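Remarks on the structure that follows.
Chains as they are written, first to last, in my numbering: chain A, 201 to 313; chain B, 1198 to 1309.
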């Protein structure tokens, strides 16, 4: 049972490049979300999904896209990377969708130069 | 109204002492208040949580105190140990919503 798996662990992008951060969970959780963590700002919600085919925006969605074609996978796409997107990104999943029992991945550290 | 404010930003406590981290919120629709612990290079992990109809919850050395009228809640770590050194986040969930709102985090250091 791997839990929530995020790849890659580290990534350096040039401004304007695009990329996809991968997230997969093997717990059959319905709810999945993406957060970014920046110093002094806690974790801020980017996008979330309450099930396959259903996604919605969080607090800081601009510059990011998501899709949820399967229960297991919830990739986060950066359309045109900007230095302001330098951050640590966490994917999380939950079986109930009400904030209980969130399981977080180990994160992706992204640097945009 | 969806903010959760956490203090202090950093905290240094001697081994065996009590660590106290405070959070305040404005939105009375929040109905669940978890605390997360994060070690360097790792994702946050659920530590302990409380509902607003309970004033205190204790799990081992960790206690949440909840003051509904003041809209405040706090984490107390008794007999703090060096292994407790981590970043702690308080959070809250809106009633019927699907997302967590996090505080800014507190970096706790326990000196041996």
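In this text, a Cβ means the ideal position worked out from N, Cα and C, and glycines have one as well. Here the structure is a predicted model, which is why all the values come from computation and not from measurement.
Count the other CB atoms, across all protein chains shown, that sit within 10 Å of the CB of residue i; report buried if there are 16 or more and exposed otherwise.
{"i": "residue 254 of chain A", "result": "exposed"}
{"i": "residue 1252 of chain B", "result": "exposed"}
{"i": "residue 290 of chain A", "result": "buried"}
{"i": "residue 268 of chain A", "result": "buried"}
{"i": "residue 251 of chain A", "result": "exposed"}
{"i": "residue 236 of chain A", "result": "buried"}
{"i": "residue 1149 of chain B", "result": "No statement about residue 1149 of chain B is possible, as the shown extent of chain B runs from 1198 to 1309 and does not include it."}
{"i": "residue 1235 of chain B", "result": "buried"}
{"i": "residue 294 of chain A", "result": "buried"}
{"i": "residue 1263 of chain B", "result": "buried"}
Report the partner residues of residue i according to the DSSP bridge assignment.
{"i": "residue 1289 of chain B", "result": "B:1298"}
{"i": "residue 309 of chain A", "result": "A:210, A:288"}
{"i": "residue 244 of chain A", "result": "A:236"}
{"i": "residue 1219 of chain B", "result": "B:1204, B:1271"}
{"i": "residue 273 of chain A", "result": "A:224"}
{"i": "residue 293 of chain A", "result": "A:232, A:303"}
{"i": "residue 1262 of chain B", "result": "B:1253, B:1271"}
Please compile the residues from chain A whose C-beta is within a distance smaller than 7 angstroms of the C-beta of residue i.
{"i": "residue 1243 of chain B", "result": "301, 302"}
{"i": "residue 1240 of chain B", "result": "290, 304, 305, 306, 307"}
Tell me which residues share the same chain as residue i and place their Cβ nearer than 6 angstroms to its Cβ, disregarding the 5 neighbours each side in the sequence.
{"i": "residue 1300 of chain B", "result": "1201, 1203, 1220, 1286, 1287"}
Please work out which residues of its chain come closer than 7 angstroms, Cβ to Cβ, to residue i, disregarding the five sequence neighbours upstream and downstream, and give them in chain order.
{"i": "residue 261 of chain A", "result": "246, 247"}
{"i": "residue 238 of chain A", "result": "287"}
Starting from the beta carbon of residue i, find every residue of chain A whose beta carbon is closer than 8 angstroms, and list them in chain order.
{"i": "residue 1234 of chain B", "result": "Per Cβ cutoff of 8 angstroms: no residues; residue 1234 of chain B is ~11 angstroms from chain A at best."}
{"i": "residue 1286 of chain B", "result": "242, 243"}
Checklist entry - So does the segment 276 to 295 of chain A actually touch the segment 1218 to 1228 of chain B, counting three or more Cβ pairs closer than 8 angstroms? => result no
Next on the checklist: Using a Cβ distance threshold of 8 angstroms, determine whether the segment 242 to 259 of chain A contacts the segment 1261 to 1280 of chain B, with at least three qualifying pairs required.
Outcome noted: no
Checklist entry - Would the segment 214 to 224 of chain A and the segment 256 to 275 of chain A be scored as touching if the rule is three or more Cβ pairs under 8 angstroms? => result yes
Checklist entry - Per the contact definition of three or more C-beta pairs closer than 8 angstroms, is the segment 1221 to 1231 of chain B in contact with the segment 1289 to 1309 of chain B? => result The segment 1289 to 1309 of chain B and the segment 1221 to 1231 of chain B touch, with no fewer than 3 CB-CB distances between them shorter than 8 angstroms.
Next on the checklist: Does the structure place the segment 207 to 215 of chain A close enough to the segment 298 to 313 of chain A that three or more beta carbon pairs sit under 8 angstroms?
Outcome noted: yes
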